[in-house]
Amino acid sequence: KAGVTQTPRYLIKTRGQQVTLSCSPISGHRSVSWYQQTPGQGLQFLFEYFSETQRNKGNFPGRFSGRQFSNSRSEMNVSTLELGDSALYLCASSLEHPSGNTIYFGEGSWLTVV
Amino acid sequence: AQRVTQPEKLLSVFKGAPVELKCNYSYSGSPELFWYVQYSRQRLQLLLRHISRESIKGFTADLNKGETSFHLKKPFAQEEDSAMYYCAPPEDETGGGNKLTFGTGTQLKVEL
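This is how it looks when you write it as structure tokens:
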């Protein structure tokens, strides 16, 4: 069974640009969550999607958005990039509710904003 | 909202010594708690979940509802246990179970 796949793995963007990250969950998983991981803040929850609907959202500005498609694949977008957005962005999938089921993480997308 | 505290950023122990990674949380409505681990250059993965009561790689975690703690323990540390450990307590009552909050993590370093 293929694991959670994230693309691209590494990318460098300039301040003010926007970026789209993609996540393919494990087959059969309908919940997709996104996290931002930084050395100083650890893992911070961005949002969670289930059946194309955002069910929960973390405390991030509106520049961070996401969506989920009918095949459960998900994308997140960050507009007007700032230097502080440099981080590892992790996608995780689970069968249903993340807090009641094991969640499986992808390897992440390393974003560097210069 | 759920608050998670992992007080130690770095814990250094010698091989063969006991290990205890601390985790305290604020909301204890659900019995489901998790510990996740990230080994060097590997993806974050589940180490254990409280409800299954398994012992994974010699690690156990006892839920103490009175102290709202879920400390991770291992009697004898091994070099391969060196990793970053994250505690993930249950969602609070407002979240509907759709969000997993992680602690800031503890880097365990097992020295020879």
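Respectively, the protein sequence lines represent chains U and Z.
For the first sequence, counting from 1, position 17 maps to -3 in this note's numbering; every step adds exactly one.
To convert a position in the second sequence, counted from 1, into this note's numbering, add 1.
Where a beta carbon is used, it is the ideal one built from N, C-alpha and C, also for glycine.
If you're wondering where the values come from, they're calculated on a predicted model, not measured in any experiment.
Assignment of residue 57(Z) by DSSP, reduced to helix, strand and coil, places it in the strand class. According to the DSSP secondary-structure assignment, residue 65(Z) is paired through a beta bridge with 70(Z).
With respect to residue -5(U), residue 61(U) sits close: the two C-beta atoms are nearer than 9 Å. In this model, residue 53(Z) and residue 18(Z) are separated by some 26 Å (Cα to Cα). Cβ atoms of residue 102(Z) and residue 3(Z) come within 8 Å of each other, at about 5 Å. Taking 7 Å as the cut-off between beta carbons, the residues of the segment 74 to 85 of chain U near chain Z are 77, 78, 79, 80, 82, 83, 85, in sequence order.
Secondary structure of residue 64(U) (DSSP, three-state): helix. If you draw a 10 Å sphere on the C-beta of residue 65(Z), you find fewer than 16 other C-beta atoms in it, and that means exposed.
Chain-order list of chain U residues neighbouring residue 106(Z): 22, by C-beta distance under 7 Å. In terms of Cα proximity to residue 70(U), the closest of -8(U), 25(U), -1(U) is 25(U). When Cβ-Cβ separations below 9 Å define contact, residue 40(U) makes no contact with chain Z. Taking C-beta atoms under 8 Å as the contact rule, residue 84(U) and residue 12(U) fail to qualify, at a distance of about 10 Å. Interface flag for residue 55(Z) against chain U is unset, since no Cβ pair is found closer than 9 Å. Boundaries of the beta strand (DSSP E) around residue 112(Z): 107 to 112. Looking at the DSSP output, residue 84(Z) sits in a beta bridge with 109(Z). Taking 9 Å as the cut-off, the beta carbon of residue 14(Z) is found no closer than this to the beta carbon of residue 81(Z). Going by beta carbons, residue 7(U) and residue 55(U) fall outside the 9 Å limit. Assigned with DSSP and collapsed to three states, residue 83(U) falls in coil, not helix or strand. Secondary structure within the segment -8 to 27 of chain U: the beta strand (DSSP E) runs of 3 or more consecutive residues, fully enclosed, are -1 to 4, 11 to 18 (chain order). In terms of Cα proximity to residue 39(U), the closest of 31(U), 15(U), 93(U) is 15(U).
Spanning the alpha carbons of residue 72(U) and residue 46(Z) requires a straight line of approximately 10 Å. In this chain, the beta strand (DSSP E) harbouring residue 37(U) covers 33 to 37. Residue 49(U) places its beta carbon less than 9 Å from that of residue 32(U). At a cut-off of 9 Å between C-beta atoms, residue 44(Z) counts as an interface residue with respect to chain U.
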